[in-house]
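Input: a single structure, listed below in C-alpha cells.
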Amino acid sequence: MPPQPSIPTTQWAQVCPKVGGPVEYKQIPVPKPDHDEVLVNIKYSGVCHTDLHAMNGDWPLPVKMPLVGGHEGVGTVVARGDLVTHVELGEQVGVKWLNGSCLACDFCEGADESLCEKAILSGYTVDGTFQQYCLGKAAHVTPIPKGVKLDEVAPVLCAGITVYKGLKESRAEPGQVVAIVGAGGGLGSLAQQYAKAMGLQVIAIDGGEEKGELCKRLGAEAYVDFTKTKDLVADVKAHSPDGLGPHAVLLVAAAELPFQQATGYVRSRGTIVAIGLPAHAQLKAPVFDTVVRMITIRGSYVGNRLDGKEAVDFFRRGLINVPIKVVPLSELGNVFNLMKEGKIAGRYVLKMPE
Ligand code: NAD
Ligand code: ZN
Ligand code: ZN
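If you read the sequence shown in numbering that gives the first Met the number 0, its first letter stands for residue 0, the second for the next number, and so on.
Okay, here's the thing in C-alpha cells:
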C-alpha cells in the first residue's frame, strides 16, 4: 500500500453553535471513522440553501446543534473502518445529504433510501462537509471519477442529484417543455442543464437581470422575470410553443408563492414537482383545476445512490456546466448573507484550507 498522508488531530471548520447562528470559523477535533465509515479529506463543498434552512431551524425536523453544516463535499478517503471493503484509501468520493441509511427497511431495499426512517443527514443530523475532515457511511459515499474538476462537481452531490431525480419524477419526455422555478439559483441552474441533456426545452423563471443572463447562457428557451411580469401565468404559457403550458414544472425556489402559482400555468395532464423547501409553507391548488385538467402534484427528495452515480456521470461526460464561484471556507457567513438576499446566481463553493 502506498504511504498514506498523516491525519492531523485538529482541523478548520465552520460551526453553527445554536439555531439562528451565526457560524463560527474555528478549529475542532478531527473525527474517527466507525466500523462502517470512511473519513474524507474534503477539498471543496458547495453551499446549498438547505444549509441556511438548517442554521435557521426552518423545518419541522430536529437539527443537531452545535452543527457543522454542508452536504455537497468532495475529497479523498484518508481512513476507513474495519468493515469497509469496497472503498479504498486515496479514492475520490463525494459526501451527499443522505449520509447513511439502514439498508434493510423496505424503502432502502426498494432503492428509496431517502425515505428510510433511520436515515442520517450530512450537515443536519450529523456533522457535514464544512470542515476539512468529514465522516460518511461507506455504503453511501458517491464515487468521483479521476480527472473531473473537483470544485465544479461538488454541487452535483446535492443540487445535481436532486434536480436529476426531480426531472425523472416529472415523467417529462424528450422534446417536451419544463418550467424551472428558481432557475437562476443553485438547484435551478443545474436543473436547466440536466433538462437540456435529457432532451427537454426549458422555460426559466427567476428574478433580476443577472439571473436572466445566466439562464440564457445556460440555454433556456425563455426567461420569465417574476419581479417584472404583470401576469406570470399568462407569460409562462405564452412561452410554451403551443401556448398550452409546460408539460412539467420543477419548483426549486425557496419561496412559497410559486407553489401556489404553478397549477395556473402547468399544461393539462402535466406534473408539478415540489423540491424547494421554504419555511412554514403550504402547497395550495384549486381542486377544480387539478381534477378537470388532470394535474399531478408530487414531492421529490434528493435521490438514491444510483441517481448520484448517474448525475455525476452526466457531469463527467461534459453535459453539465456548473456556474460556480469559489471562495475560502472562512467566507461561509458572507455566502449565507448573499443567499438570504437572493443575490446568488448559480452556486458558491467553499475551498478548504490546504
Ligand atoms: P438558491 O437560493 O440558490 O436558489 C433559489 C432561487 O429561487 C433563487 O435564485 C431565487 O431568486 C429564486 N426565487 C425566489 N423567489 C422566487 C419566485 N417567486 N419565483 C421564482 N424564483 C424565485 O437555493 P437552492 O440551493 O437552489 O435551494 C432551493 C430550495 O431547494 C431550498 O429550499 C432548499 O432547501 C431546497 N432543496 C430541496 C432538496 C430536495 O431534496 N427536495 C434538495 C436540495 C435543496
Ligand atoms: Zn442541498
Ligand atoms: Zn432503511
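Beta carbons are placed, not taken as given, at the ideal position from N, Cα and C, and that holds for glycine. Because the structure is a prediction, the values reported are computed rather than measured.
- The DSSP-derived three-state label of C107 is helix.
- For T270, the uninterrupted beta strand (DSSP E) run begins and ends at 270 to 273, by DSSP.
- For D224, the secondary structure class from DSSP, reduced to helix, strand or coil, is strand.
- Shortest gap from the CB of T49 to any heavy atom of ligand 2: under 7 Å.
- In chain order, A158, G159, V162 place their CB closer than 6 Å to the CB of L189, counting only its own chain and leaving out the 5 sequence neighbours on each side.
- Counting C-beta pairs with one atom in each stretch, the segment 171 to 180 and the segment 323 to 333 have fewer than three that are closer than 8 Å, which means they do not touch.
- Per DSSP, the unbroken beta strand (DSSP E) holding S44 starts and ends at 36 to 45.
- In the three-state reduction of the DSSP assignment, P28 falls in the strand class, which pools E and B.
- Inter-segment contact for the segment 51 to 70 and the segment 137 to 152 is absent: fewer than three beta-carbon pairs are separated by less than 8 Å.
- Distances from the alpha-carbon of D241 to those of G93, V265, F335, F225 put V265 closest.
- Relative to ligand 1, the nearest heavy atom lies less than 7 Å away from the CB of L186.
- In this structure, the C-beta of A103 approaches ligand 3 to less than 7 Å from one of its heavy atoms.
- Put simply, of L88, M54, G68 the residue whose alpha carbon is nearest the alpha carbon of P32 is L88.
- Between ligand 3 and the CB of S100, the shortest heavy atom gap is smaller than 7 Å.
- Burial check for I6: the Cβ neighbour count within 10 Å stays below 16, so the residue is exposed.
- Judged by DSSP in its simplified three-state form, I6 adopts coil rather than helix or strand.
- With contacts defined as CB atoms closer than 8 Å, G68 and G146 fail to qualify as a contacting pair.
- Closest by C-alpha distance to H139, out of A194, E168, V83, L186, is V83.
- A distance below 8 Å separates the beta carbons of Y347 and V326.
- When Cβ pairs closer than 8 Å are counted between the two stretches, the segment 254 to 272 is seen to touch the segment 287 to 304, the count reaching three or more.
- Residue pairing by DSSP leaves A138 without any beta bridge partner.
- If you look at V286, you'll find it isn't in any beta strand (DSSP E); it sits in the alpha helix (DSSP H) that goes 286 to 291.
- For ligand 3, a non-hydrogen atom lies closer than 7 Å to the CB of K117.
- Beta-bridge partners assigned by DSSP to P327: K350.
- If you ignore the 5 residues before and after K283, its C-beta comes within less than 7 Å of the C-beta of Q259, all in its own chain and listed in chain order.
- Just so you know, the alpha carbons of V73 and V22 end up roughly 21 Å apart.
- Contact annotation: the segment 271 to 287 touches the segment 241 to 251, with at least three C-beta pairs closer than 8 Å.
- Excluding its 5 nearest sequence neighbours in each direction, V180 has C-beta neighbours in its own chain below 6 Å: I204, L250, A252, P257, listed in chain order.
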